[in-house]
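Protein chains in written order, with my numbering: chain S, 2 to 173; chain Z, 6 to 110.
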C-alpha cells in the first residue's frame with residue numbers, strides 16, 4: 002500500500018474507529034455497545050497494519066476482539082436482568098463530563114499541533130516479530146516476567162473475587 | 006501535502022478516541038460501560054505508542070513493545086474488574102455506580 006491508498010485506508014479506518022466508539026458510548030443497550038466495541042477493536046487492528054505493526058494487529062484481534070469482548074459479554078449475561086433496552090444510561094453529570102473532555106481535547110490538540118517532531122524517513126523493518134522478540138527477551142526480560150506474574154495474580158484474584166460466597170460469610 | 010498521513014493525524018485520532026472514552030467513563034451509569042470505556046482510552050494510548058514508534062524510532066520497536074505491555078495489563082484489568090463487579094452485584098443486586106455509596110456518610 003502506497004501513497005493515496007494509505008491515505009484512503011487511514012481515513013476509512015479512523016472514521017470506523019471514531020463512529021463505533023461513539024456508538025459504544027451513546028447506545029442504550031449495553032450488549033449492542035459491546036458489539037460495536039468489537040468493531041472498533043478490529044478497525045484498530047487495521048490501523049496498526051497501516052502503521053507497519055502486523056504482530057500487534059494480530060495481538061489486537063486475538064486479545065481485544067476475541068477475549069476481552071467475549072469476557073465482557075459473559076459478565077453482562079451474569080449480571081443483567083430484565084429489560085436490556087435501558088441498561089446503558091447516562092448519569093446526572095453529563096455536562097461536567099463534556100466540559101472536562103472538551104478541555105482535554107483542546108490541550109491535546111494544541112500540543113499535537115504545535116510540537117515539532119524530529120521524524121525519520123527510515124522504514125520500519127519487515128520482521129516485526131523477530132525484532133520484538135529480541136528486545137522482549139533480552140533488554141525487557143524483567144518486565145516480561147513481571148507481566149506473566151501479573152496475569153497469574155489477575156487470574157487467581159478474578160477467580161477468588163467472583164466465587165460464590167456462602168451464607169455464613171466464609172469464603173471456602 | 007494533503008495526501009500524506011503524518012504523525013499528527015494519528016495523534017489527533019488518538020486524542021479524539023481518548024476523549025470519547027473519557028466522556029464514557031465520566032458520564033456512564035453502568036459499571037460495565039465504564040470498564041469498556043477504559044478499554045477505549047487504553048486503545049487510544051496504544052495508537053499513540055505505535056505511531057510514535059513508526060515515525061520517530063522505527064528500528065527500536067520500544068513503542069510496539071510497550072503497546073504489548075499495555076494490552077497485557079488491560080486484559081488483566083478487565084478480568085479483575087468484571088470479577089469485582091460480579092461480587093458487588095451479589096451484595097447489592099445493582100450495577101448502577103450511583104448505588105455504590107458504602108464509603109459515603
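Don't be surprised by glycine CBs; every beta carbon is placed ideally from N, CA and C.
Short CB-CB distance (under 8 Å) between residue i and chain Z
i, result
"residue 20 of chain S", "no"
"residue 6 of chain S", "no"
"residue 40 of chain S", "no"
"residue 68 of chain S", "yes"
"residue 86 of chain S", "no"
"residue 139 of chain S", "no"
"residue 47 of chain S", "no"
"residue 124 of chain S", "yes"
Min CB distance residue i to chain S below 8 Å
i, result
"residue 109 of chain Z", "no"
"residue 76 of chain Z", "yes"
"residue 25 of chain Z", "yes"
Expected contact under 8 Å - CB spacing of residue i and residue j to nearest Å
i, j, result
"residue 32 of chain S", "residue 72 of chain S", "Incorrect: roughly 14 Å between the Cβ atoms, too far for contact."
"residue 10 of chain Z", "residue 80 of chain S", "Residue 10 of chain Z to residue 80 of chain S, Cβ: 41 Å. No contact."
"residue 53 of chain S", "residue 59 of chain Z", "6 Å"
"residue 61 of chain Z", "residue 119 of chain S", "7 Å"
"residue 35 of chain Z", "residue 89 of chain S", "5 Å"
Residue i versus residue j - alpha carbon distance
i, j, result
"residue 43 of chain S", "residue 77 of chain S", "21 Å"
"residue 6 of chain Z", "residue 43 of chain Z", "Only weak support exists for where residue 6 of chain Z lies, its pLDDT of 48 falling under 50; the value from the coordinates is given anyway. The straight-line gap from Cα to Cα measures roughly 35 Å."
"residue 83 of chain Z", "residue 156 of chain S", "11 Å"
"residue 151 of chain S", "residue 79 of chain Z", "11 Å"
"residue 153 of chain S", "residue 139 of chain S", "22 Å"
"residue 148 of chain S", "residue 75 of chain Z", "10 Å"
"residue 70 of chain Z", "residue 70 of chain S", "23 Å"
"residue 103 of chain Z", "residue 98 of chain S", "15 Å"
"residue 105 of chain Z", "residue 50 of chain Z", "29 Å"
"residue 132 of chain S", "residue 109 of chain Z", "51 Å"
"residue 74 of chain S", "residue 117 of chain S", "43 Å"
"residue 66 of chain S", "residue 39 of chain S", "5 Å"
For residue i, the three-state DSSP class (helix, strand or coil)
i, result
"residue 109 of chain Z", "coil"
"residue 66 of chain Z", "coil"
"residue 96 of chain Z", "helix"
"residue 96 of chain S", "helix"
"residue 140 of chain S", "coil"
"residue 33 of chain Z", "strand"
"residue 101 of chain Z", "strand"
Where residue i meets chain S, residues with beta-carbon distance less than 7 Å
i, result
"residue 89 of chain Z", "162"
"residue 103 of chain Z", "92"
"residue 4 of chain Z", "Missing from the structure shown is residue 4 of chain Z; chain Z here goes from 6 to 110 and no further."
Listed by chain order, chain Z residues near residue i by CB distance under 7 Å
i, result
"residue 99 of chain S", "28"
"residue 132 of chain S", "66"
Neighbouring residues, chain S, relative to residue i (Cβ below 9 Å)
i, result
"residue 46 of chain Z", "Near residue 46 of chain Z there are no residues of chain S at all, since even the closest Cβ is about 10 Å away, more than 9 Å."
Proximal chain S residues relative to residue i, where beta-carbon distance stays under 8 Å
i, result
"residue 41 of chain Z", "25, 34, 35, 38, 73"
"residue 85 of chain Z", "155, 158, 159, 162"
"residue 100 of chain Z", "80, 81"
Closer than 8 Å to chain B by CB, residue i
i, result
"residue 55 of chain Z", "Given the protein chain composition of this structure (S and Z), no chain B is represented."
Neighbour list for residue i in chain Z, Cβ cutoff strictly below 8 Å
i, result
"residue 150 of chain S", "Result: empty, since nearest Cβ-Cβ is about 10 Å, beyond 8 Å."
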